[in-house]
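Chains as they are written, first to last, in this note's numbering: chain A, 11 to 334; chain B, 63 to 559; chain C, 17 to 368; chain G, 17 to 368. C-beta: ideal position from N, C-alpha, C; glycine also. For reference, the structure is listed below as C-alpha cells.
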Amino acid sequence: TPATPAESGSELPGVGVTIYKFDDNFMSFVRGAIQREAEGKLDLTLVDSANDQAKQNEQVDGFIQKGVKVLAINLVDPQAASAIIEKAKVADLPVVFYNKEPDQSAMDSYDKAWYVGTRSAESGEIQGQMILDAWNANPDWDKNGDGVMQYVLLKGEPGHPDAEARTKYAVETVVNGGVQVEELELQTGMWDTAKGKDLMDTWISKHGDAIEMVIANNDAMALGALTSLEAAGYMVEGKFVPIVGVDAIPDALAKIEEGKLVGSVLNDAGNQGKAVIDLANNLANGKDVLEGLDWTLDEAKAVRVPYKAITLDNLDDAKASYGQ
Amino acid sequence: MEKYLLQMEHVDKSFPGVRALSDVTLNVRYGSVHALLGENGAGKSTLMKCLFGIYHMDAGRVIFDGEEVQIKSSLDALRQGISMVHQELNQVKTTRIVDNIWLGRFPRKGLFVDEKQMVERTREIFSDLGIDLDPKLKTEKLTVSQAQMVEIAKAVSYDSKLIVMDEPTSSLSQKEVDQLFVIIRRLQEKNVSVIYISHKLDEIKEIADEVTILRDGEWITTQGIDELSTAEMINLMVGRSLDNRFPEITHTRGDVIMQVEGLTAQDPTSIKDVSFDLYRGEILGVAGLVGAKRTDLLECLFGERTVKSGTITMDGQVIENHSPAEAIKHKFALVTEERRATGIFGDLSIRFNATISNLGSYLQRFLLNDRAITKSTAWVIDAMRVKTPTQRTKIKALSGGNQQKVIIGRWLLTEPDIFLMDEPTRGIDVGAKYEIYQLMMNLAKDGKAVMMVSSELPEIIGVADRILVMSNGRLAGILDGEIATQEEILRLSALYL
Amino acid sequence: MNLLRKLQRKQVEEINRPGKRGIVQFLMDYVIYLVLFILFIVIVAINPAFLSWGNFGNILQQSSTRIIFALGVGGIIVAKGTDLSLGRQVGLAAVISASLLQNVGYTYRMYPNLPQLPVILPILLVMLVTMLVSMVNGFVVAKLKVDAFIATLGMMIIAYGLTSIYFDRPPLGASPIGSLDPRFTILATGRLNLGFIRIPYIIIIAAVTVVLLWIIWNKTRFGKNIFAVGGNLEAARVSGVNVTRTLITVFALAGLLYGMGGALEAARVGSATNNTGNGYELDAISACIVGGLSFNGGIGSISGIVTGVLIFQVIAYGLNFISVTPYLQNVIKGLIIIIAVAIDSQKYATKK
Amino acid sequence: MNLLRKLQRKQVEEINRPGKRGIVQFLMDYVIYLVLFILFIVIVAINPAFLSWGNFGNILQQSSTRIIFALGVGGIIVAKGTDLSLGRQVGLAAVISASLLQNVGYTYRMYPNLPQLPVILPILLVMLVTMLVSMVNGFVVAKLKVDAFIATLGMMIIAYGLTSIYFDRPPLGASPIGSLDPRFTILATGRLNLGFIRIPYIIIIAAVTVVLLWIIWNKTRFGKNIFAVGGNLEAARVSGVNVTRTLITVFALAGLLYGMGGALEAARVGSATNNTGNGYELDAISACIVGGLSFNGGIGSISGIVTGVLIFQVIAYGLNFISVTPYLQNVIKGLIIIIAVAIDSQKYATKK
Ligand SMILES: Nc1ncnc2c1ncn2[C@@H]1O[C@H](COP(=O)(O)OP(=O)(O)OP(=O)(O)O)[C@@H](O)[C@H]1O
Ligand SMILES: Nc1ncnc2c1ncn2[C@@H]1O[C@H](COP(=O)(O)OP(=O)(O)OP(=O)(O)O)[C@@H](O)[C@H]1O
Ligand SMILES: [Mg+2]
Ligand SMILES: [Mg+2]
C-alpha cells in the first residue's frame with residue numbers, strides 16, 4: 011500500500027502530509043518519493059485533499075489534534091496558505107509547503123514556513139523554449155510557409171496555477187524568441203486524455219493541415235491529441251504534426267522514443283519528494299531546517315527543484331527518474 | 063372429493079400496533095361465490111392478501127384443493143390457480159392494456175414475446191366478456207371503470223380455480239356490474255370459486271351463495287346467503303342493529319347560496335354550459351353515467367380545472383376560483399374521487415392529514431399552535447370515529463374507509479359553506495356510510511350546502527334533496543329527490559349521447 | 017350507539033398498548049443515531065486519542081457549513097426534489113463574496129479601487145444572488161415541470177460557467193481570490209469567549225440556522241406545505257396548498273442557505289476559486305438520505321439531517337485520524353453509506 | 017341498457033380518435049428529434065463548414081461509447097432506478113483492460129511479464145467484473161431496498177477506491193496506463209472498408225449494441241418486465257413478475273455494457289487512468305432524460321436514448337467547432353438541457 015499506516019504507538023516523529031489531489035499523475039510520483047524517503051525516519055499521515063481547499067484545512071486541523079510535529083502541505087489553492095499558516099502558528103508547528111507555491115506575503119508572515127518546488131512559470135518557459143528550438147530546427151513544420159506558427163493549445167483545468175502558468179509562458183517564450191504565432195484554438199481538456207482526443211478530433215476536422223503545432227499543458231492531453239491524429243491518418247511519413255507536453259510520464263517517453271512526440275518537460279518528482287522529507291525530517295527532530303543537506307534556500311525561503319526539457323536526446327535523464 | 067376448494071384456518075396477522083386478523087377461518091366450496099363481509103378495516107383485504115402471497119401470515123395454514131400449500135409470493139398463488147382483482151387498482155399505467163393482461167406470463171415464440179398471439183388472445187377474452195376496448199390502448203387512457211373491467215378480465219383469463227375479487231364493482235356502472243355477474247355465473251358453471259368482497263349488500267344478496275362475516279379481524283359467522291337477511295348481515299358486521307340505510311331528513315332548504323350560470327370548461331371535451339342554483343340547507347345529488355363529467359363539474363367549481371366562461375355567484379357576489387386555495391377561501395371544500403391519488407398523504411400522520419387544509423387557523427403570529435392542532439385532530443378522530451392507534455399513525459396504515467373519514471374530517475375543520483363530495487362513500491361500509499349521510503345532513507341542517515356525486519342511484523335518491531343529472535358534459539335536468547326514480551335519472555343521463 | 021362506542025374504545029386501547037416489537041421498533045426509529053454512535057466507538061477503539069474535546073470541536077466546526085448546505089437541499093428533498101447545483105452555487109457565492117471582501121491593502125485585488133465594505137453587505141448580496149439562481153431552479157421545476165434532477169443539473173453547469181466567467185478576468189485571470197479581509201475571515205475562524213469555553217462563531221451560526229430551520233419546518237405553515245407537496249403533490253393542490261409557490265420558496269430558502277454557507281466557506285478557507293464547492297451536492301444529498309430523508313418526498317427531520325452530516329464528518333475526520341489510506345477511505349466510506357441506509361430502509365420495508 | 021352500451025362505445029371512440037391537437041401532439045412526440053435538428057441548423061448557420069462528412073463521422077464515433085453507457089443506465093432508469101456508479105465502473109473496466117493489453121515491447125508495463133493475450137479475453141474479463149459490481153448494486157437496490165441513487169453513489173465511491181488501489185501501484189504509481197496493444201486500439205480507431213465507404217469499427221459495435229438492446233427491450237419478456245417494474249412495481253409483483261430478479265438483471269446488463277464500453281474507451285483514448293470515466297454518469301443520465309426517459313420509470317425508448325446522446329455530442333462537438341469559449345459552453349450546454357427537457361415535459365403536462 012502507498013501509505014504507511016501509523017501504529018498509534020509509533021516512536022517516530024509524526025508528519026502530516028496533504029496531497030492536493032491523490033489521482034494527480036505527477037503528484038503520485040512525488041507521493042511515492044515522499045513515502046520512500048520517509049521510510050524508517052518519520053511517521054507519515056498522508057491524506058487526499060481531493061482538490062478541495064476546505065477539506066484540506068480540515069485535514070490540517072486533524073493533524074494538529076493528532077499531534078504531528080511538522081506539516082507538509084501541498085496546497086489546493088495557493089491563495090489559501092495564510093489560513094494554514096494561521097493554524098500552524100497557533101499550534102506552533104513548522105510548515106513545509108510544496109509543489110504549489112504560496113504567495114510571498116503569506117510566506118513572510120511566518121518564520122517557520124518553507125517551500126519546496128519549482129517555479130510554476132518555469133515549466134511553461136522550458137516548454138516554450140523547446141518548441142522554439144524545434145520550430146527553428148525544422149523549417150518544414152511551417153506547412154503553409156507563412157512564417158507564422160499556427161498552433162492549438164490544450165489547456166489544463168482553468169484556474170489551476172500550473173495550467174495558467176504553462177499556457178501563458180509557453181506561448182510567451184515562443185513569441186519572445188522571435189517566432190510569430192497564431193492561436194487557432196484554445197480549449198480546456200481538463201488534463202484528461204479522452205477530452206484531449208475529442209477536442210483534437212474537432213480541430214483536425216476544422217483546420218486539417220493548417221495545424222502546425224499542438225501545445226498541451228500535460229502529457230495526458232498530448233497523448234490524447236496523438237491518438238486522434240493517428241486515427242485521422244497523421245503521424246506517418248510526410249504527415250507529421252509536432253506535439254509537446256509536460257510531465258514526461260513513461261508513456262510519453264515511449265512516444266518520444268518513437269518520434270511521435272517532440273518532447274516533454276520533466277518535473278523532477280523524486281527530488282521534490284526527497285527535499286520535502288529532508289526538510290521535514292530536520293524540523294521534526296528540532297534541527298535547523300537545512301542542517302546537513304545539500305539544498306539551498308532562495309530569498310523566498312524556497313528550495314527550487316529544476317524542471318528539465320526532455321527530448322529524444324536526453325530521454326535517459328527522464329528514465330532515470332523512473333528507476334530505469 | 064373434498065368439500066372445500068379453499069380452507070384458511072386460524073389465520074393471525076398483525077401490523078405494528080394493529081392486530082388485523084386473529085384466528086380467522088375461511089372455507090370456500092367448489093364452484094361457489096363466497097362473499098366476505100365486514101366493516102372498513104375488518105380485515106377482508108388483509109386476509110385476501112395473505113392468501114395471495116402479498117402478506118405473510120403470522121400463523122395459520124392454507125389448504126387448497128385438498129393440499130396444504132405454502133404461498134410465499136403472488137407467483138406461488140397464481141401457480142396454484144388463484145387469481146385476484148385487487149381493491150386498489152394495480153396496473154402499469156405506462157404500458158398498454160395487453161402488456162398488463164399478460165404481465166408475468168407473456169406468451170413466447172422462441173426467445174421472443176409473441177406479440178400477435180398476445181393481442182389476439184386479448185381480443186378473444188374481451189369479446190368473450192363483452193368488453194369493448196382496443197387492447198393496444200395505453201392503460202393510462204382508461205377511465206377508472208374501464209381499468210377495473212380490464213383487471214377483472216385479467217383475473218378471469220388465468221383460468222384459475224379461485225378468483226378473489228376485492229370490491230370489483232366500486233367504480234363500475236350498473237351495466238358493467240350486470241356484465242360482471244354474467245361472467246361470475248359462467249365461472250361458477252365451470253366449477254370455479256369466487257371470493258367476493260363488497261360493501262354493496264344488494265349485490266351480495268344477488269350473487270353470493272355463502273357469506274363469511276368478519277369484525278375487527280375476527281371471524282363472526284359463515285352462513286348460506288338465504289339464511290341471513292340484509293339487516294342481519296348489517297347487524298353482524300357492525301355489532302349492533304342498524305334499522306335504516308338512510309338517516310331521517312331533518313334539514314330544510316334556505317336561501318340560494320350559489321348560482322352557477324353557463325359554466326363551460328376550457329377543455330372542449332369537458333363540461334359545457336351548466337347552470338343551476340344551490341341552496342343553503344340542501345343536499346344536491348349529481349347523477350350521470352361514468353364519463354358524464356360530473357367530476358369535471360366539481361373541479362370547475364373548485365378551481366381545479368380551468369373555466370372558459372360562465373359565472374359563479376355566491377351570496378350575490380360573482381366569484382372566481384382559479385385555484386383550490388382560492389376556492390377554500392370562498393368556503394368551498396372538495397372530497398376527491400380518487401382517495402389514494404389526490405386525497406391522502408400516505409407517509410404522513412393522521413394529524414397532518416387532518417389539519418393540512420386548516421393550518422391558517424392555528425397560526426399564532428407566524429407559528430403554528432401544536433395544542434390547537436392536537437385538539438382538532440382529536441376532534442376529527444372522535445367525530446368521525448376514525449379507528450386508529452394514535453394521532454401520529456401514518457394514514458396509509460388505516461383501512462380505506464377510515465382514510466376517507468379523515469379526509470372528510472379535514473374539510474369539516476375548514477367549516478365550509480359548500481361541500482363538494484365526489485363519490486364520498488365509495489368503498490365504505492354500511493355503518494360508515496350511514497355516518498357520512500348523517501354528517502351531510504347535519505351540514506345541511508347547519509345551513510351549508512352539499513353537492514354529492516354518486517354512481518349509486520339508491521344512495522342519490524335516498525339522500526339528495528334534488529338531483530342534478532349530467533349527460534355528456536351538459537346539464538340534462540334537475541329532479542326533485544322526493545319523487546325521482548331510477549328510470550327518470552337514466553333517461554336524463556342518456557339525453558345528450 | 018353506545019355499544020359501538022365501547023367497542024371502538026376497546027380497539028383504541030388495545031392498539032395503544034405497545035406491542036412486543038416495541039424495542040425493535042424503537043431502535044429502528046433511531047438507527048442512524050446508533051450508526052453514528054457505533055462509528056464513534058469503532059474509531060475510538062482503534063485510536064483512543066480520538067476521544068478529545070479538540071477532535072470533537074473540529075468535527076463540529078467542519079460540519080458547520082455542511083449542515084447549512086444540507087439543510088438547504090434537505091427541504092428540496094422533502095418536497096420531492098433534488099438539487100445538483102448546490103456545489104456550484106456555493107462556488108458562485110464564495111467567489112463573489114471573496115472578490116468583494118479582499119484586504120484593501122492587497123495589491124492584486126480583483127477590484128483594486130473598491131473601498132472597504134461592511135462585511136454584511138457582500139454576504140447579503142451573495143445570498144440574494146443564489147436565492148435568485150435557486151428560484152430559477154424552482155420555477156423550472158414547478159412551472160415548466162422539468163424533473164428536479166435535470167433542471168438542477170443544467171443549472172449546475174450554467175452556474176459553473178457563470179462563476180468561471182466572473183472569476184477568470186483580467187487583471188488576475190484565473191488565479192484564486194485570496195488575502196481576504198480579516199473582519200470577514202474571523203466569522204469562520206474566530207471564537208466567542210464565554211469564559212469557561214470558547215465557541216467558534218461558525219458553530220454558533222450553524223446552530224442558529226438549525227434552530228431557525230427547525231422552526232420553519234415544524235412550526236410554520238410553509239414548513240407543513242413542504243411536506244404536503246413532497247408527500248402528495250396532487251393532494252396538496254386540492255387541499256389548498258399553493259404548490260408552485262411552495263416549491264419556488266423551498267428552492268429560494270435553499271438558495272439563501274447556499275449563499276450564506278458559500279460566503280462562510282470562503283471565509284473559512286481564506287480564498288475562493290471557481291472550483292470551490294465542486295461536488296458538495298453529493299455530500300449534502302447523501303448526508304440527507306443517510307439522515308433519513310427519502311427521495312419519495314414527504315419524509316425527514318432536521319435532526320436527521322444534522323446527524324447525517326455528522327456521520328459523514330466523523331467518517332472523513334476519523335478515517336484520516338486513524339491514518340487509513342485515502343483510496344481505502346473511499347471504499348470504507350462507500351460501504352458505510354450503503355450499510356447505514358440499508359439498515360435505515362428496513363424500517364420502511366413493510367413487514368409482510 | 018342498450019343505451020349505456022352505446023354511450024360507452026362512443027366514449028371509447030372519442031378516446032381513440034386522434035384529436036384536433038393532432039399536429040401539435042405529433043410534434044410534441046418527436047420534439048427531441050426536432051431539438052437535435054434545430055441545434056444542427058444553428059451550428060451550421062454559424063459555421064457552414066460544420067456540414068461535412070468528417071464532422072458527422074467524428075460525432076458518431078465520439079457518441080459510440082457514450083451510447084453504450086447510456087443504453088446501460090437507460091434500462092435502469094426505465095426500471096425506476098438510476099446509476100451514479102456508471103463512470104467509475106467505466107474507469108474500472110478501462111484500467112483493468114488497459115493494464116492487460118499493453119504493448120509487449122513497452123518498458124513500463126504494469127505487468128512486465130504478461131504474455132500477449134487474445135484481445136477478447138481482457139474485454140470479457142472486465143465485462144464480467146463490472147457485471148458483478150453492478151449486480152451488487154442491483155442486490156442492494158432490490159433486496160436491501162436502498163434507494164438507487166444512494167446505493168450507486170456508495171458504489172461510485174467504492175469503485176473509485178478499488179480502481180485507484182488497482183491502478184496506483186509501484187513502480188509507476190498513478191501514471192496513465194498507455195502504449196496499448198494496437199490489436200486493441202484498432203477496435204476503436206480502425207475502420208471497416210466497404211469500398212465506397214469506410215465505417216469505423218466502433219460505430220459498428222455501437223450500432224450492433226443498439227439493435228441488440230432494442231430487441232431486448234421490445235421483444236423479450238425481460239424487456240417488458242423492466243417497463244412493468246418501473247411503471248408499477250407492486251403491479252408487477254402481484255402479477256407474478258420476479259421483481260428482484262428483473263432488477264438485478266437490468267443492473268447486470270448495464271454492467272456488461274459499462275465493461276464493454278469501458279474497454280472500448282481505453283482503446284479509443286489509447287490510455288486509461290483511475291480518473292477515466294469520471295462524471296460520465298451525469299452525461300449518460302442527462303442524455304437519457306433529454307431522450308425522453310423519466311425518473312418516474314416505465315417510460316422510454318432506445319431511439320430516444322440514442323437521440324439524447326447525439327444531442328449532447330452535437331452540442332459538445334459543435335460548440336468546440338465554432339470555438340465558443342469553454343465557460344460560455346457551460347452556460348449554453350446547461351440552457352439547452354433545461355430547454356430541451358422543458359419542451360419535452362409539456363407533452364405530459366396534463367391540460368386541465
Ligand atoms: N400495510 C399495513 N400496515 C399497517 N396496518 C395495516 C396495513 N394494511 C392493513 N392494515 C390494518 O389492518 C386492518 C385491516 O385492514 P384491511 O385493509 O384488511 O380492511 P378491509 O376489511 O379490507 O377494509 P375496507 O373495507 O376499508 O377495504 C386495518 O385496521 C388496517 O389499518
Ligand atoms: N376522453 C377521455 N380521455 C381520457 N380519460 C377520460 C376521458 N373521459 C373520462 N376520462 C377519465 O375517466 C374518469 C371519469 O371520467 P369523468 O370525470 O369524465 O366522469 P364522471 O362522470 O365524473 O365519472 P365518475 O362517476 O367517475 O365521477 C376521469 O378520471 C377522467 O380522467
Ligand atoms: Mg379492503
Ligand atoms: Mg369522475
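Excluding the 5 residues preceding and the 5 following residue i in the sequence, name in chain order all residues of the same chain whose CB lies nearer than 6 Å to its CB.
i	result
K265 (chain A)	L271
D184 (chain G)	A190
For chain B, check one thing: does any of its Cβ atoms lie closer than 8 Å to the Cβ of residue i?
i	result
E250 (chain C)	yes
R253 (chain G)	yes
R37 (chain C)	Any reading at R37 (chain C) is ruled out, since the residue's pLDDT is 48, under 50, leaving its predicted position unreliable.
Among the options, which residue has its Cα nearest to the Cα of residue i?
i	options	result
I282 (chain B)	B:V86, B:I418 and B:L242	B:V86
I193 (chain G)	G:A204, G:S180, G:L133 and G:I202	G:S180
I320 (chain A)	A:T306, A:D278 and A:D87	A:D278
I287 (chain A)	A:M231, A:G127 and A:W145	A:G127
So what does DSSP say about residue i, is it helix, strand or coil?
i	result
F394 (chain B)	strand
K110 (chain A)	coil
V257 (chain C)	coil
A97 (chain B)	strand
W201 (chain A)	coil
R248 (chain B)	helix
Q321 (chain B)	strand
H217 (chain A)	helix
I490 (chain B)	coil
Y558 (chain B)	coil
With respect to 7 Å, is the separation between the Cβ of residue i and the closest non-hydrogen atom of ligand 1 below this value?
i	result
T55 (chain A)	no
G408 (chain B)	no
T283 (chain B)	no
G100 (chain B)	yes
Excluding sequence positions up to five away, which residues of its chain have a Cβ less than 7 Å from the Cβ of residue i?
i	result
L209 (chain A)	L164, Q197 and G199
D219 (chain A)	K153
K495 (chain B)	T487
L557 (chain B)	S533 and A538
H384 (chain B)	G365
Answer yes or no: does any C-beta atom of chain G fall closer than 8 Å to that of residue i?
i	result
I287 (chain B)	no
For chain C, find out if any of its Cβ atoms is closer than 8 Å to the Cβ of residue i; answer yes or no.
i	result
T183 (chain A)	no
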